[in-house]
Amino acid sequence: YSDLPIIYDHQKAATDIPDTGKLFAQTLRRAGINEAILFPQAGPATQEAWITALREEEIKVIVGGLMTHKAYMSSEGGYLDDQAIENIYRTAVNLDVTAFVMPLTKPEAVDRILKAVPFKAGTEFYSPGYGRQGGDPSRFAGIDRHYLIVGRSLLEASDPGAWIADAAVQLRSR
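The sequence shown begins at 1333 in my numbering and counts up by one.
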């Protein structure tokens, strides 16, 4: 399909029962997907089952717990317990996951998670929230392997190629 990895973001994979992870992973493999993003809010049993299923299909696992939008964590008026979000990352680290989603829009929360969870050296971080949501990658200078996820700003650009070129110039100047 491509010389570049194809990453599948299901919006929010791993929120179903543990048994569905295998079907999910097999479907992605047949579709030529190389990497999958999980947000395992259904708990540790689902998280472990889905990570195992993806690995059996040789699909790279990327785990997220924290989202960009307001009122997500209980500390900001949302439904998801802050400690549960931290536990998602900790469980993934304990399962040898080395790629994670961390939003640019919540640097203080990300900093707390980075201090609390024993991420391994060389861990990769993928960050949504650049562009329209106002996330600033320069606030994450301590992350060595950092990839930005772009969305609406690129989709709404009259010239997407020019938007990418401009973003690259801005990022290099920081």
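Every residue, glycine too, gets a C-beta built ideally from N, C-alpha and C.
By the 10 Å Cβ neighbour count, where 16 or more other Cβ atoms means buried, how is G1474 classified, buried or exposed?
Mapped onto the sequence shown, residue 1474 falls at position 142. The residue in question, G1474, is exposed, as its Cβ has fewer than 16 Cβ neighbours within 10 Å.
Taking the continuous beta strand (DSSP E) assigned at F1432, which residues delimit it?
By one-based count along the sequence shown, residue 1432 stands at place 100. That run of the beta strand (DSSP E) goes 1431 to 1433.
What separation, rounded to the nearest whole angstrom, lies between the Cα atoms of A1371 and W1382?
Your numbering for residue 1371 matches position 39 in the sequence shown. Your numbering for residue 1382 matches position 50 in the sequence shown. A small fix is needed here, since residue 1371 is Phe in this sequence, not Ala. Rounded to the nearest angstrom, the two C-alpha atoms are 10 Å apart.
Which residue's Cα is closest to the Cα of D1351: T1378, Y1458, E1390, D1414?
By one-based count along the sequence shown, residue 1351 stands at place 19. The residue with the shortest Cα to Cα distance from D1351 is T1378.
In the DSSP assignment, find the alpha helix (DSSP H) that holds L1355 and state where it starts and stops.
Translated into the one-based positions of the sequence shown, residue 1355 becomes position 23. Unbroken alpha helix (DSSP H) run through L1355: 1352 to 1362.
Near P1439, what residues of its chain come up, given a Cβ to Cβ distance below 6 Å and the 5 sequence neighbours on each side ignored?
Stepping through the sequence shown from its first residue, residue 1439 is reached at position 107. These residues qualify, in order along the chain: R1471.
Tell me the start and end of each unbroken alpha helix (DSSP H) in the stretch 1442 to 1482 that is at least 4 residues and wholly inside, in chain order.
Counting only runs of 4 or more, we get nothing.
What span of residues does the beta strand (DSSP E) with Q1343 cover, start to end?
To locate residue 1343, count along the sequence shown from 1; it is residue 11. First-last of the beta strand (DSSP E) with Q1343: 1339 to 1345.
Within a Cβ cutoff of 8 Å, which residues of the same chain sit near K1452, ignoring the five residues on either side of it in sequence?
For this step, residue 1452 is matched to residue 120 along the sequence shown. The residues are V1425, T1430.
What is the C-beta distance between I1369 and G1397, in whole angstroms, given that I count them as a contact (C-beta under 8 Å)?
In the sequence shown, the residue the question calls residue 1369 occupies position 37. In the sequence shown, the residue the question calls residue 1397 occupies position 65. Actually they do not touch by this definition, with Cβ atoms about 11 Å apart.
Looking only at its chain, what residues have a beta carbon closer than 6 Å to the beta carbon of D1341, apart from the 5 residues adjacent to it on each side?
Working through the sequence shown from its first residue, we reach residue 1341 at position 9. Answer for D1341: I1369, listed in chain order.
Report yes if the CB atom of G1454 is closer than 8 Å to the CB atom of R1422, and no otherwise.
In the sequence shown, counting from the first residue as 1, residue 1454 sits at position 122. In the sequence shown, counting from the first residue as 1, residue 1422 sits at position 90. Against a cut-off of 8 Å, the Cβ pair of R1422 and G1454 comes out as no contact.
Assuming A1385 is part of the alpha helix (DSSP H), what are its boundary residues?
Counting from 1 along the sequence shown, the entry for residue 1385 is found at position 53. Element bounds for A1385: 1376 to 1388.
Going by DSSP, what residue range makes up the beta strand (DSSP E) through L1370?
Position 38 of the sequence shown, counted from the first residue, corresponds to residue 1370. From DSSP, the beta strand (DSSP E) with L1370 extends over 1367 to 1370.
Using a Cβ-Cβ cut-off of 7 Å (strictly less than) and excluding sequence neighbours within five positions of L1427, which residues of its own chain qualify?
Residue mapping note: residue 1427 aligns to position 95 of the sequence shown, counting from 1. These residues qualify, in order along the chain: E1380, I1383.
Could you tell me the distance, in whole angstroms, from the CA atom of E1488 to the CA atom of R1464?
Stepping through the sequence shown from its first residue, residue 1488 is reached at position 156. Stepping through the sequence shown from its first residue, residue 1464 is reached at position 132. If I take the Cα positions, the gap works out to 10 Å.
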